[in-house]
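Undergrad: For reference, the structure I am asking about is given below.
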Amino acid sequence: MPRVFDGFEDHDCIHVLDVGDAASSTVEFLAPYRCKVFVMDLADVSAADAAAGAYVDLFNDYEGVLFDVILFWDLLHRLDGDSLAALSDALRPCLYSQTKVHSICHYAPSEAREAYRINGRDQLQVTNAKPMAYRPWSQAAFSREFDCMRIVDDTLTPNGRLELLLQAD
Amino acid sequence: MIGATINIKGDITGEENLTIEGNVEGQVRLPKHELTIGASGSVSADLNAKVVHIDGTVTGDITGTDSVVVSKTGRVQGNIVAPRVSLEDGAQFKGSIDMNPGTQQVESKPQDAQLDNRQPAKTEAVA
Numbered sequence: 074m075p076r077v078f079d080g081f082e083d084h085d086c087i088h089v090l091d092v093g094d095a096a097s098s099t100v101e102f103l104a105p106y107r108c109k110v111f112v113m114d115l116a117d118v119s120a121a122d123a124a125a126g127a128y129v130d131l132f133n134d135y136e137g138v139l140f141d142v143i144l145f146w147d148l149l150h151r152l153d154g155d156s157l158a159a160l161s162d163a164l165r166p167c168l169y170s171q172t173k174v175h176s177i178c179h180y181a182p183s184e185a186r187e188a189y190r191i192n193g194r195d196q197l198q199v200t201n202a203k204p205m206a207y208r209p210w211s212q213a214a215f216s217r218e219f220d221c222m223r224i225v226d227d228t229l230t231p232n233g234r235l236e237l238l239l240q241a242d
Numbered sequence: 004m005i006g007a008t009i010n011i012k013g014d015i016t017g018e019e020n021l022t023i024e025g026n027v028e029g030q031v032r033l034p035k036h037e038l039t040i041g042a043s044g045s046v047s048a049d050l051n052a053k054v055v056h057i058d059g060t061v062t063g064d065i066t067g068t069d070s071v072v073v074s075k076t077g078r079v080q081g082n083i084v085a086p087r088v089s090l091e092d093g094a095q096f097k098g099s100i101d102m103n104p105g106t107q108q109v110e111s112k113p114q115d116a117q118l119d120n121r122q123p124a125k126t127e128a129v130a
């Protein structure tokens with residue numbers, strides 16, 4: 074998590090996409106960046122809806138916006154391959170070469186999905202969220218399906234959480 | 004106060020604090036005062052006030068020249084613009100939060116050449 078925001082300290086305004094429910098501590102953490110936070114719960118999009126273009130419809134609402142930071146939390150490892158590819162395609166117009174993405178992969182997979190909020194640059198608070206199937210991707214398969222991004226760094230935390238830093242291609 | 008049984012369709016402007024517990028469709032402008040949407044309040048309107056407290060339901064864009072607070076009972080669908088925004092745990096929010104009012108919507112980012120002075124990301128692929 075710490076490096077996700079590296080390089081944005083001097084920006085006048087950064088655009089952050091927070092995937093999930095809005096969290097008070099996350100908003101407080103982001104406030105010093107003088108940012109614009111977009112809150113979008115993509116977990117409600119079913120595989121059928123994704124195939125029908127639901128992600129495209131959602132991101133059409135943000136036409137012209139380029140995200141600097143995207144906080145996906147563990148969502149990317151809860152989507153099937155077709156949904157992941159559909160999300161990648163829909164997201165591409167909102168990316169530029171400096172876009173950074175934070176994603177989480179669990180080593181102890183569970184359907185008991187978690188919600189995350191930022192309490193500090195290296196401190197996440199975890200709460201319960203509605204269950205969702207867990208689909209851990211190998212990095213090769215993940216990179217193939219979610220091809221708008223490449224993994225540039227990762228950190229394994231003591232609680233078995235692999236935090237990934239991705240950057241737009 | 005606009006009571007819980009009051010329904011208003013139209014714009015509201017004023018020079019005093021206001022609490023809305025009823026239903027309002029339209030715009031509400033209190034540029035120098037506080038606006039509170041009470042727990043029973045339901046507003047489909049764009050709101051503009053110095054301070055906006057949301058305990059009820061709002062569908063529309065909210066501008067607080069000082070701050071916007073969405074309490075744990077608040078339900079907001081729309082965009083918030085304010086230098087200080089507070090979402091209490093339990094608040095439901097869908098939309099965007101702009102905590103840098105005064106700048107225009109950024110339609111495009113600087114060209115990469117202008118970003119060269121930034122720290123490049125470490126490129127360490129993982130097996």
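Same order as they appear, the protein sequences are chains A and B.
Every letter in the first sequence is one number past the one before it in our numbering, and letter 49, counting from 1, is 122.
Every letter in the second sequence is one number past the one before it in our numbering, and letter 89, counting from 1, is 92.
Ideal Cβ positions, reconstructed from N, Cα and C, are used throughout, including at glycine.
Predicted model, so just to flag it, every value in this text is computed and none were measured.
(1) Going by CA-CA distance only, name the one from A/Ser161, A/His179, A/Arg190 that's closest to A/Asp242.
(2) Terminal residues of the continuous alpha helix (DSSP H) containing A/Asn133?
(3) Under 8 Å Cβ to Cβ from A/Asp94, same chain only, skipping five residues before and after it: list those, please.
(4) Name the chain B residues whose beta carbon is nearer than 9 Å to that of A/Cys108?
(5) Counting only the same chain and skipping the five closest in sequence on each side, list residues whose C-beta sits under 8 Å from that of B/Pro34.
(6) List the residues of chain B that A/Ser97 touches, going by C-beta distances under 7 Å, in chain order.
(7) Within 8 Å (strictly less), CB to CB, does A/Val118 reach chain B?
(8) According to the neighbour-count rule (16 or more other Cβ atoms, all chains shown, within 10 Å of its Cβ), is B/Asp92 buried or exposed?
(9) Take A/Pro105 as the anchor and find which of B/Pro86, B/Gly13, B/Ile40, B/Leu90 has the nearest alpha-carbon.
(10) To which residues of the same chain is A/Asp220 closer than 7 Å at the C-beta, ignoring the five residues directly before and after it?
(11) Take the Cβ of B/Lys75 as the centre, count every other Cβ of all protein chains shown within 10 Å, and call the residue buried at 16 or more, exposed below.
(12) Which two residues bound the contiguous alpha helix (DSSP H) that contains A/Ser156?
(13) Could you tell me the distance, in whole angstroms, from the CA atom of A/Asp81 to the CA atom of A/Asp130?
(14) What is the C-beta distance between A/Leu157 and A/Glu218, in whole angstroms, given that I count them as a contact (C-beta under 8 Å)?
(15) Here's the rule: buried if 16 or more other CB atoms are within 10 angstroms of the residue's CB, otherwise exposed. What is A/Ala125?
(16) I need the DSSP call for B/Thr68, collapsed to helix, strand or coil.
(17) Check each candidate in A/Val110, A/Ala127, A/Cys86 and name the one with the smallest Cα separation from A/Asp117.
(18) Which same chain residues, not among the five before or five after B/Gly59, have their C-beta less than 8 Å away from its C-beta?
(19) Taking CB distances under 8 Å as the criterion, tell me whether A/Val112 reaches chain C.
(20) Looking at the strands, I want to know which residues DSSP matches up with A/Val110.
(21) Would you kindly work out how many angstroms separate the C-alpha atoms of A/Ala163 and B/Ala7, rounded to a whole number?
(22) Should A/Cys86 be flagged as near chain B, meaning a C-beta pair shorter than 8 Å?
(23) Report the rounded CA-to-CA distance for B/Met4 versus B/Leu21, giving the unit in angstroms.
TA: If we stick to the structure as given:
(1) Position 169 of the first sequence, counted from the first residue, corresponds to residue 242 of chain A. Relative to A/Asp242, the option among A/Ser161, A/His179, A/Arg190 whose CA is nearest is A/Ser161.
(2) As a working mapping, residue 133 of chain A is identified with position 60 in the first sequence. For A/Asn133, the uninterrupted alpha helix (DSSP H) segment begins and ends at 127-133.
(3) For the purposes of this step, residue 94 of chain A is taken as residue 21 along the first sequence, with counting starting at 1. Only Val112, Asp114, Ala188, Ala202 meet the Cβ criterion.
(4) For this step, residue 108 of chain A is matched to residue 35 along the first sequence. Per Cβ cutoff of 9 Å: Ile100, Asp101, Met102, Asn103.
(5) Working through the second sequence from its first residue, we reach residue 34 of chain B at position 31. Scanning its chain for C-beta atoms nearer than 8 Å, with the 5 sequence neighbours on each side dropped, one finds around B/Pro34 the residues Asn51, Ala52, Lys53, Thr68, in chain order.
(6) Reading the first sequence from its first residue, position 24 is the one you call residue 97 of chain A. At a C-beta separation below 7 Å, A/Ser97 has these neighbours in chain B: Ser89, Leu90, Glu91, Asp92.
(7) As a first step, residue 118 of chain A must be located in the first sequence, where it is residue number 45. False, the Cβ-Cβ gap to chain B never drops below 8 Å.
(8) Counting from one through the second sequence, the residue named residue 92 of chain B turns up at place 89. Exposed.
(9) Translated into the one-based positions of the first sequence, residue 105 of chain A becomes position 32. Of the candidates B/Pro86, B/Gly13, B/Ile40, B/Leu90, the one whose C-alpha sits nearest the C-alpha of A/Pro105 is B/Pro86.
(10) Within the first sequence, residue 220 of chain A is the residue found at index 147, counting from 1. Excluding sequence neighbours, A/Asp220 sits near Ser161.
(11) Locating residue 75 of chain B in the second sequence gives position 72, where the first residue counts as 1. Taking all protein chains shown into account, B/Lys75 has fewer than 16 neighbouring C-beta atoms within 10 Å of its C-beta and is therefore exposed.
(12) Taking the first sequence and counting its residues from 1, one reaches residue 156 of chain A at position 83. Judged by DSSP secondary structure, A/Ser156 falls within the alpha helix (DSSP H) whose first and last residues are 154-164.
(13) For the purposes of this step, residue 81 of chain A is taken as residue 8 along the first sequence, with counting starting at 1. For the purposes of this step, residue 130 of chain A is taken as residue 57 along the first sequence, with counting starting at 1. Correcting the residue identity first, residue 81 of chain A is Phe in this sequence and not Asp. Near 29 Å, if we compare the C-alpha coordinates of A/Asp130 and A/Phe81.
(14) Along the first sequence, one-based indexing puts residue 157 of chain A at 84. Along the first sequence, one-based indexing puts residue 218 of chain A at 145. By a beta-carbon distance limit of 8 Å, A/Leu157 contacts A/Glu218. Their separation comes to about 4 Å.
(15) Locating residue 125 of chain A in the first sequence gives position 52, where the first residue counts as 1. Under this definition A/Ala125 is an exposed residue.
(16) In the second sequence, counting from the first residue as 1, residue 68 of chain B sits at position 65. Judged by DSSP in its simplified three-state form, B/Thr68 adopts strand.
(17) Here the question's residue 117 of chain A lines up with position 44 in the first sequence. That would be A/Ala127, whose Cα lies nearest to the Cα of A/Asp117.
(18) The sequence position of residue 59 of chain B within the second sequence is 56, counting from 1. Here the set comprises Ile23, Glu24, Ile40, Gly41, Ala42, Ser43, Gly44, Ser45, Val46, Thr76, Gly77, Arg78.
(19) The structure shown has no chain C; the protein chains it does contain are A and B.
(20) Within the first sequence, residue 110 of chain A is the residue found at index 37, counting from 1. DSSP lists A/Val89, B/Ile100 as partners of A/Val110.
(21) Reading the first sequence from its first residue, position 90 is the one you call residue 163 of chain A. Reading the second sequence from its first residue, position 4 is the one you call residue 7 of chain B. So the alpha carbons of these two residues sit roughly 43 Å apart.
(22) The sequence position of residue 86 of chain A within the first sequence is 13, counting from 1. A/Cys86 belongs to the set of residues whose beta carbon lies under 8 Å from a beta carbon in chain B.
(23) Locating residue 4 of chain B in the second sequence gives position 1, counting from the first residue. Locating residue 21 of chain B in the second sequence gives position 18, counting from the first residue. Between B/Met4 and B/Leu21, the C-alpha separation is close to 6 Å.
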